[in-house]
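The numbering of the sequence shown is the working numbering, which starts it at 10 and goes up by one. From the three backbone atoms N, C-alpha and C, an ideal C-beta is built for every residue, glycine too. Presented below is the structure to which this report refers.
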Amino acid sequence: MSAQEGAVRDRFDLGPGTYLLNHSVGRPPVDSLDAFAATFYRPWADGAVEPWPAWLAAVERFRGALGELLGARGDDLCPQPDVSTGFARVLQCVPGLTARREVLLSERAFPSLGFVAERARSLGLVPRFL
């Protein structure tokens with residue numbers, strides 16, 4: 010392992026054994042617990058009458074940073090916990106936006122997207138795999 014690889018590995022809490030679920034959430038950064046406590050837990054535990062403003066401000070900062078990274082406006086981004094959830098939310102909007110009912114997907118797409126598309130049949134949408 011190179012020194013650079015070691016420096017990157019040291020930034021994550023790798024835990025015991027081999028971890029292969031990086032498509033999901035991956036391993037947590039070593040400083041994430043402190044950041045979580047400061048940003049989310051402390052405003053709640055410190056007796057803030059309403060912690061939501063602090064929490065939503067953190068989401069807005071994230072959207073702004075993500076927008077800078079992607080070359081987009083933060084206001085145009087709506088972070089989702091994963092691709093399947095985001096896809097489900099987009100599909101829920103389709104029936105009101107267009108008369109088209111066919112949803113095209115790649116057979117190589119992440120498997121859970123197929124489940125989401127099949128569930129969209131209840132909205133009158135028809136999944137078609139290419």
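- About 7 Å separates the CB atoms of residue 112 and residue 135; that is less than 8 Å, so the two are in contact.
- Residue 42 carries a helical assignment under DSSP once its states are collapsed to helix, strand and coil.
- Residue 138 is a Cβ neighbour of residue 116, given a cutoff of 8 Å.
- Below 8 Å, enough C-beta pairs join the stretch 96-107 and the stretch 119-126 to call them touching: three or more.
- Residue 22 holds the alpha-carbon nearest to the alpha-carbon of residue 42 among 35, 22, 30.
- With contacts defined as CB atoms closer than 8 Å, residue 72 and residue 86 qualify as a contacting pair.
- Its chain contains no residue whose beta carbon lies nearer than 8 Å to that of residue 13 once the 5 sequence neighbours on both sides are disregarded.
- Looking at the DSSP output, residue 137 shares a beta bridge with 113.
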